[in-house]
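Participant: Under our numbering, the first residue of the sequence shown is numbered 64, with each subsequent residue one higher. Mind having a look at this structure? Questions to follow.
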Amino acid sequence: MIVSSIVVGMLQVNCHLLGCEATGEGVVIDPGDNAPRVLDLIRQSGLKIVAIPNTHAHFDHVLAVDAVRTATGAPFWLHPADEPVLARGRETVQLWMGYDPGPMPAVDGHIYPGDVLRVGQEELEVRLAPGHSPGSLIYIHHASKQVWSGDVLFAGGVGRFDFAGSDGPTLLRSIREQLLTLPDDYTVYPGHGPATTIGRERRSNPYLQPGAEYLFES
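See the structure below:
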């Protein structure tokens, strides 16, 4: 499977381009900002983008969605539980970043846990991992042992759970049930920061060690 990533926006979001070598089809995960750079990545790849399946709807992950959709005709997919998060995006940008980004992108379709995200001949398992946001999704390509975790799990950290719709104990349960059940040699590509592995986070992530549950309390 083709995998290319770039860092976009003021909050340094990892935007991922996944593609099938056999068919030339691809998807863009989390086009967070810097639309010209995302579109350049797509053009350089030569892939036909067939979907924009986001991990979640926080504003820093969606600001380039409309530009990518307009350029490619690909639909924007999201878990329905994150639509209220998306609806607050414009106001959140104004409060946090001090400018008006315009309307947030409309959702074209929903994606659910248990779905199979097909990228040409490649298949990714979809799992629901709430806690950072109500509808956070992770995508797993078992054939190459790769995971796209959004803002659920980072290298040495976890996603924030002090936002509206977030919850610390729920996030910890999601990580334990949806990510730490994977083998140690699976590579994890987070929504921010460097890649890591399940094994590395299991062994050394301070939030995931025995007795660290108190870190997730509000």
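Just so you know, even glycine gets a beta-carbon here, dropped at the ideal spot from N, CA and C.
#1: From R100 to G274, what distance separates their C-alpha atoms?
#2: Does the stretch 253-262 come within contact of the stretch 184-194, defined as at least 3 CB pairs closer than 8 Å?
#3: With a threshold of 8 Å on Cβ separation, who are the neighbours of G87 within its own chain once the five nearest residues in sequence on each side are excluded?
#4: I need the boundaries of the beta strand (DSSP E) containing E264, first residue and last residue.
#5: Taking the CB atoms as reference points, tell me whether W140 and A114 lie closer together than 8 Å.
#6: Where does I105 sit, in a helix, a strand or coil, going by DSSP?
#7: Going by the beta-carbon positions, is the gap between H119 and L235 smaller than 8 Å?
#8: Under three-state DSSP, which class holds P246?
#9: Starting from G152, trace the alpha helix (DSSP H) in both directions and tell me its first and last residue.
#10: Touch check for the stretch 148-163 and the stretch 241-254: three-plus C-beta pairs under 8 Å?
#11: Is Q241 helix, strand or coil when you go by DSSP?
#12: On the premise that V76 lies in contact with D123, defined as a C-beta separation below 8 Å, what is that separation, rounded to the nearest angstrom?
#13: Rounded to the nearest angstrom, what separates D93 and E280 at their Cα positions?
#14: Following the continuous beta strand (DSSP E) through A114, name the residue where it begins and the one where it ends.
#15: Identify the continuous beta strand (DSSP E) that holds R181 and give its terminal residues.
#16: Roughly how many angstroms lie between the CA atoms of Y270 and V210, to the nearest whole one?
#17: Short of 7 Å in beta carbon distance, which residues of its chain neighbour D247, apart from the five on each side in sequence? Order them along the chain.
#18: Which of helix, strand or coil does DSSP assign to F217?
#19: Using C-beta distances below 6 Å, list every residue in its chain close to T135, excluding the 5 sequence neighbours before and after it, in chain order.
#20: Just tell me which of L216, F224, S267 has its CA closest to the CA of G254.
#21: Figure out for me which residue from H79, Y202, E154, V90 has the closest Cα to the Cα of R132.
#22: Can you list, in chain order, the residues of its chain with a C-beta nearer than 6 Å to that of T155? Leave out the 5 residues immediately preceding and following it.
Facilitator: For this structure:
#1: 43 Å
#2: no
#3: G109, L110, K111, G183
#4: Not the beta strand (DSSP E): E264 falls in the alpha helix (DSSP H), residues 261-267.
#5: yes
#6: helix
#7: no
#8: coil
#9: 152-160
#10: no
#11: helix
#12: 5 Å
#13: 28 Å
#14: 111-116
#15: 179-182
#16: 19 Å
#17: T260, I261, G262, R265
#18: strand
#19: I112
#20: L216
#21: V90
#22: F122
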